[in-house]
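Per our numbering, residue 1166 is the first one in the sequence shown, and the count goes up by one each step.
We put the CB at the ideal spot given by N, CA and C, even for glycine.
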Amino acid sequence: MLEKIFRLNEHETSVKTEIIAGFTTFMTMAYILAVNPNILAAAGMDANAVLTATALASFVGTLLMALLANYPFALAPGMGLNAYFAYTVVIQRGNPWELALFAVFAEGVIFIILSLVNVREAIFNAIPTTLKAAVSVGIGIFVAFIGLQDAKLIVANDSTLVTYQAFKGETFRSVGVGAILALIGVLVTAVLLAKNIKGGILAGILVTWILGILCEFAGVYVPDPKAGMHSVIPDAFLSLDFSSFQETFGAVFTKTDFRSINIGDLMVIIFSLLFVDLFDTLGTLIGVSSKADMLDQNGKLERIRPALLSDAVATCAGAIFGTSTTTTYVESASGVAAGGRTGLTALTTGILFLLSILFSPIFLSIPSFAIAPALIIVGFYMMGSVAKIDFEDMADAIPAFLCIIAMPLAYSISEGIAIGVISWTLINLIIGKAKEKKISILMYVLTVLFIAKYTL
């Protein structure tokens, strides 16, 4: 049955490999179950309700990706988009969170329409192959950077912006020990992968987490919530209380005061969500599918329409459940790196998200320093796409370089794509290679829109 649905033999994979990959993807994404409720709670939403909504939205979106597109991509409420939802739309602009959810739902409806009429697919196909490779590399560095930050190995610094962990001082037994455990996790994961052990990334997460538990029992690791270092020992194994979910479920329709809506402000919010989600999703699909060699010789993704449609429908479902924009996750690359090639990987991840509602105390206890090694190693894997960039062609190589460095430095996948598109189009146009490079009308349109984004 699984062979018939997911065509495992055709994709040269197995049930065991796909399930391990699904577990790996989930483990690298599980942090969203803790982070998203925390962020949206700042907007006045019930944290427990948001956790349930987050898990359900992730399950629905990932299930759709598995069954409609047969890709190993997982979905969840997007980081960055949730911060925009809470801190800009609600707190800064003073809108109620119910209205923000309505904007998310409206954005999802527009996405569904754009997906059905092939606008999003056309944008994906219009981006040149060299930029697609650059996006993959940029995402890899971005993901590794996130991992280094999550592990507190790279920290903020007033004079140099960022620096390495000092491994001394008052927070050593919390932050410092966590950073050391993350380094051990990277070493363990690297050794396992070097020995070609299947599931090495997942094993690295589990080993690091178990070491953290042992260190906490021994008093070597001391939780410090003020420093963002919490207990790694689950305080419970099961939760059956779902009563809080009624606070957000359906609130997008039942609690939104449509009479007080400022149409102009609402349109700005919807467009902002639409813009960021569009290019974050495209960037993720490009980067992860490029790493998995899923793009054809023309740089196109075969089943991109159902993949994009899954993303759009998941956004609408997430808004109804009570969470910010649901989008395709770059952490899907960890499952791909573990061998995932079909929707069975996504299905496994989706089921785990559904189960996480019951076992949330366990999943919420997985520390960021245990997840960080996986993100760092995934960054290494995605660096391989740099070989696809023609560094002899400066008109291709320089925009690719700018795209790569913009993602981690601007802390945004969409910003990297914007800078890459603008520079690639303008450089090739100015040197007279527009016809040779077959610059599409859509690339010109995107260039104008991106420039307007920065200047207007």
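| Query | Result |
| --- | --- |
| Proximal residues to Asn-1203 (C-beta, below 8 angstroms), its chain only, five neighbours per side dropped | Ala-1212 |
| Cβ contact (3+ pairs, closer than 8 angstroms) linking the stretch 1244-1254 and the stretch 1185-1204 | yes |
| The alpha helix (DSSP H) enclosing Val-1269, as first and last residue numbers | 1262-1281 |
| Inter-residue spacing [alpha-carbon to alpha-carbon] between Ala-1552 and Asp-1458 | 13 angstroms |
| Cβ distance (whole Å) where Thr-1421 is taken to contact Leu-1205 below 8 angstroms | That pair is no contact at about 16 angstroms. |
| Beta-carbon proximity of Leu-1611 to Ile-1288, cut-off 8 angstroms | yes |
| Proximity winner among Arg-1468, Lys-1391, Gly-1350, relative to Leu-1371 (alpha-carbon distances) | Gly-1350 |
| In chain order, each alpha helix (DSSP H) run of at least 4 residues that lies wholly inside the stretch 1176-1219 | 1180-1194, 1197-1206 |
| Cβ separation of Gly-1369 and Val-1353, assumed to be a contact under 8 angstroms, to the nearest whole Å | 5 angstroms |
| Collapsed DSSP secondary structure at Ala-1241 in the structure displayed | strand |
| The stretch 1223-1241 touching the stretch 1482-1497, judged by at least three CB pairs closer than 8 angstroms | yes |
| Host alpha helix (DSSP H) of Ala-1347 (start-end) | 1342-1359 |
| Spatial distance of His-1395 from Glu-1467 (CA atoms) | 43 angstroms |
| For Ile-1584 and Ser-1409, the rounded distance between their alpha carbons | 43 angstroms |
| Beta bridge counterpart(s) of Asp-1476 as assigned by DSSP | None, per the DSSP bridge assignment. |
| Run of the alpha helix (DSSP H) containing Ile-1527, from where it starts to where it stops | 1525-1528 |
| 7 angstroms CB neighbourhood of Ser-1550 in its chain, flanking five on each side removed | Ala-1298, Ser-1301, Val-1302, Ser-1455, Lys-1456 |
| Beta-carbon proximity check, Ile-1277 vs Val-1478, cutoff 8 angstroms | yes |
| Residue burial classification, Thr-1325 (beta-carbon count within 10 angstroms, cutoff 16) | exposed |
| Separation of Phe-1615 from Ala-1571, as counted between CA atoms | 14 angstroms |
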